[in-house]
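Residue numbers (this note's numbering): 1 to 560. Ideal Cβ positions, reconstructed from N, Cα and C, are used throughout, including at glycine. None of the values given here were measured: they were computed from a predicted structure. The next block holds one structure in the form of structure tokens; read it before the comments.
Written as structure tokens, this is what we have:
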């Protein structure tokens, strides 16, 4: 008989099992299995019922809100509109009538041309200028404005034609010619066509007017033109200039790797005459290549834009200051170049971080105690930044004022190279220009005494560095001191310029402090000095007697 492993009956191997008992056992087993099957089915149904929970509360709230909204849209709104239909009709008609009346009034009051719009902009700008702003650096006072309300339509047309190139003086020509700007037709000094802005004198019309008004002549402008052409002849393929590479003109400088400095000094001459990398003109490509070189060789980091590159010897911070002036001027003249403006701002940031926080000055390397010569270039960079509306930290300006206080001699009328030394004429010129840019008024006794000292010394033929700074100081001061200075300075530079040969347009090197930079250094500072009439408009501009000033303009226009 087969073995029954699940059986609970214990029998002997040879004992036979009762068939009825076996049948009862099997029936019991089937019954047990049916119970288990029923129990499993009940458990499955219970689990299914457990999963059938009520909807979440948030769903029920949404459903209720939807139901209420549907009732509002379908029942309440139609009923309200039906009840208030007369009021709604009246309000709609009234609104349409008011809109129509306003449109008619606007068409009658507003002109169809842009003249009144421009006039309103002028008035708004004038109002803005009347609001005194606390500034650390001196604002440049604009003596004239192209959009002066006193300029009649004939004058406006003449000025427009000048800037379009009709009947204009070809200021970039080196041919002998007279200034053609008809200054004798101006009825008032306010008619002189300066474009509004810190660099307004660099426009075509503004440049011609400034040359005549402030003592330049056709010969000085021809010298500038010839000098710019010489600079283009020695520009390198990559857009840079090099103090040691000046062609066959002779007198190269010893600085062979200070290309950022040489390039910046050359570019300042083009920018000073109104040439940019975006304005159509004979030197547009030269300026573009030069600025591109500066941009490509700037090292940007946590301190800002380091423009020194591989500057040799003690020229590092000189190069930083000069290159920063260049970038700030270019950015101010071409406001749409956002990348250039950002680079200029980063260069200013580097100057600020390189300042010595103890004495407030700058010297050859960042953080060194200052000297007046290096300080001068940094202050001019800060002024150029402000002119282009680039932010300058107030503590930077405050600290540099403290440095000038420590380097001044004779109560601020003269200045030493470093604090504690005796006064030097070149440093006096640098210090006074810094004081002008940092806010000294014309009535300041020390400034007046300093100007009189420089005027007494006069231009020095072998000292272009001194002449460059002193010329700017006297130009801003104006008056008889400027007239006397300008006659000597202008004629000396015009007469000593090389007129023929490979160096035509340049100046032989004669400065006693710049042998390392050679002919290129001498030429660029000479050009910048001759561009003083329009490069920066005078800060201390006074018109005590407009009629007398206007009468004097035609005489100057004849070339003195």
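Through-space distance from residue j to residue i, alpha-carbon basis
| i | j | result |
| --- | --- | --- |
| residue 98 | residue 81 | 23 angstroms |
| residue 515 | residue 469 | 18 angstroms |
| residue 562 | residue 63 | Outside the shown range of the chain, which is 1 to 560, sits residue 562, and nothing can be said about it. |
| residue 213 | residue 199 | 16 angstroms |
| residue 428 | residue 460 | 14 angstroms |
| residue 373 | residue 409 | 15 angstroms |
| residue 57 | residue 45 | 26 angstroms |
| residue 305 | residue 342 | 10 angstroms |
| residue 289 | residue 222 | 24 angstroms |
| residue 303 | residue 351 | 9 angstroms |
| residue 282 | residue 276 | 10 angstroms |
| residue 286 | residue 269 | 12 angstroms |
| residue 475 | residue 355 | 29 angstroms |
| residue 587 | residue 55 | Coverage of the chain is limited to positions 1 through 560, which leaves residue 587 absent and any answer about it impossible. |
| residue 405 | residue 218 | 41 angstroms |
| residue 19 | residue 31 | 19 angstroms |
| residue 206 | residue 536 | 11 angstroms |
| residue 158 | residue 203 | Residue placement at residue 158 is poorly supported in this model, since its pLDDT is 39, which falls under 50; the coordinates are not used for a value here. |
| residue 400 | residue 345 | 19 angstroms |
| residue 37 | residue 21 | 25 angstroms |
| residue 447 | residue 105 | 58 angstroms |
| residue 162 | residue 368 | Model confidence at residue 162 stands at a pLDDT of 43, short of 50, so the residue's coordinates are unreliable; what they give is reported in the following sentence. One C-alpha to the other measures close to 50 angstroms. |
| residue 385 | residue 487 | 31 angstroms |
| residue 201 | residue 458 | 26 angstroms |
| residue 431 | residue 444 | 14 angstroms |
| residue 299 | residue 376 | 23 angstroms |
| residue 72 | residue 84 | 16 angstroms |
| residue 439 | residue 225 | 33 angstroms |
| residue 529 | residue 481 | 16 angstroms |
| residue 389 | residue 383 | 10 angstroms |
| residue 102 | residue 87 | 23 angstroms |
| residue 310 | residue 467 | 28 angstroms |
| residue 421 | residue 365 | 21 angstroms |
| residue 477 | residue 456 | 14 angstroms |
| residue 313 | residue 397 | 27 angstroms |
| residue 324 | residue 333 | 14 angstroms |
Residue i, enclosing alpha helix (DSSP H) - first and last residue
| i | result |
| --- | --- |
| residue 290 | 284 to 297 |
| residue 65 | 57 to 71 |
| residue 437 | 425 to 437 |
| residue 377 | 372 to 387 |
| residue 535 | 532 to 535 |
| residue 237 | Here residue 237 belongs to no alpha helix (DSSP H), and DSSP marks it neither H nor E. |
| residue 440 | That residue, residue 440, is in no alpha helix (DSSP H); it is neither H nor E in DSSP. |
| residue 350 | 338 to 354 |
| residue 471 | 464 to 477 |
| residue 325 | 316 to 333 |
| residue 201 | Careful: residue 201 lies outside any alpha helix (DSSP H) and carries neither H nor E. |
| residue 224 | 218 to 233 |
| residue 254 | Neither: residue 254 is in no alpha helix (DSSP H) and is coded neither H nor E. |
Supposed contact pair residue j and residue i - C-beta distance, whole angstroms, cut 8 angstroms
| i | j | result |
| --- | --- | --- |
| residue 450 | residue 414 | 6 angstroms |
| residue 522 | residue 509 | 5 angstroms |
| residue 319 | residue 260 | 5 angstroms |
| residue 241 | residue 262 | 4 angstroms |
| residue 243 | residue 227 | Not a contact, Cβ separation roughly 16 angstroms. |
| residue 230 | residue 517 | That belief does not hold up - the Cβ atoms of residue 230 and residue 517 are roughly 16 angstroms apart, past 8 angstroms. |
| residue 249 | residue 519 | 6 angstroms |
| residue 294 | residue 264 | 7 angstroms |
| residue 464 | residue 526 | 6 angstroms |
| residue 524 | residue 347 | About 19 angstroms; that fails the 8 angstroms criterion. |
| residue 540 | residue 442 | 4 angstroms |
| residue 378 | residue 301 | About 19 angstroms; that fails the 8 angstroms criterion. |
| residue 292 | residue 215 | About 36 angstroms separates the two Cβ atoms, so there is no contact after all. |
| residue 491 | residue 418 | Wrong, their Cβ atoms sit about 35 angstroms apart, outside the cutoff. |
Per DSSP, the bridge partner or partners of residue i
| i | result |
| --- | --- |
| residue 242 | 245 |
| residue 300 | 305 |
| residue 497 | 507 |
| residue 414 | 409 |
Minimum Cβ-Cβ distance from residue i to chain D less than 7 angstroms
| i | result |
| --- | --- |
| residue 391 | Going by chain labels, chain D is absent from the structure shown, which holds only one protein chain. |
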